[in-house]
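Under numbering that gives the first Met the number 0, read the sequence shown as residues 0 to 206, first letter to last.
Cβ atoms here follow ideal geometry from the backbone N, Cα and C, with glycine treated the same way.
Worksheet: the structure to be examined is printed underneath.
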Amino acid sequence: MKNFTWKRGTLGCAALVALTVLGLARIDGGQGTGGGRGAGARGGGPAQGQTAASPDDWRIDPMRGPVDLGLTDPSLIGAIDVHQHLDPDAPGAGGQIRALDGFDAAILAKQRGMRGVVFKTHQDPTSAAVAYLVRKHVVPGFEMFGRMALNFSTGGINLAAVEHFSQIKGGWGRIVEMPTRDSCGNGPPNMDPQNLAQNRPWMLLMP
């Protein structure tokens, strides 16, 4: 029998390969047996203990990478995430694509033991309306709040927009920010006229 001398680098490579294989098997197995949206269509219904809209099977988003790896961290129990960007939303000047909508994010957060989330929008008061619907129809008892910024699409520093946001049914629009994307702090190149002409031409009409 031959004697092999294992060096530290060799052991490290072997361990890395083993972990990679195990990780891929875990991801593939989770997708094949879960009860997400696809599973309901293939198997005639969601798996036991899951809903048809459960985001637990959403392992990889082609635009953003991993969305949820099915992990549970004790630090999430009872936590509130105060800054989540969710759909429905517009990509905006930066072309950001949201990984989850407000309904699925609430379901996922509840499954992880979280107390609530704050849904932030840059350009409109949608988050307050989504918070109302989530609380009433999607995850009763889960605390979702709305948060918006006063950018040009809501009239900039606009008291009427703040009043409207706070008065959307349920009263869950609770946090209002000064301008973000359309602030002087953003400056060039975001506010450069040539850049605006390409992605937000209507802003050139603003005083």
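- Rounded to whole angstroms, D103 and G169 show a C-alpha spacing of 20 Å.
- Annotated three-state conformation of F118 is strand, per DSSP.
- When secondary structure is reduced to three states using DSSP, F141 falls in the coil class, being assigned neither helix nor strand.
- Contact check for T179 against A160 fails: the beta carbons are separated by 8 Å or more.
- Under DSSP, M147 takes part in a beta bridge, and its partners are T120 and V175.
- For H163, there is no enclosing beta strand (DSSP E); the residue is part of the alpha helix (DSSP H) that begins and ends at L158 to Q166.
- The three-state reading of DSSP puts H136 in helix, counting H, G and I together.
- Here DSSP, grouped into helix, strand and coil, assigns D86 to strand.
- As the crow flies, the alpha-carbon of S152 is around 13 Å from that of M177.
- The beta carbons of V117 and Q83 sit about 7 Å from each other, so the pair counts as a contact at 8 Å.
- For a cut-off of 8 Å, the C-beta gap from I79 to G115 is around 5 Å, short enough to register as a contact.
- By the C-beta density criterion, V138 is buried, having at least 16 other C-beta atoms within 10 angstroms.
- In the DSSP assignment, D103 falls within the alpha helix (DSSP H) that extends over G101 to Q110.
- Of the residues assessed, L158 falls on the exposed side of the cut-off, its CB having fewer than 16 other CB atoms within 10 angstroms.
- With a threshold of 16 other beta carbon atoms within 10 Å, H121 meets it and is buried.
- The Cβ atoms of M113 and L75 lie closer than 8 Å to each other.
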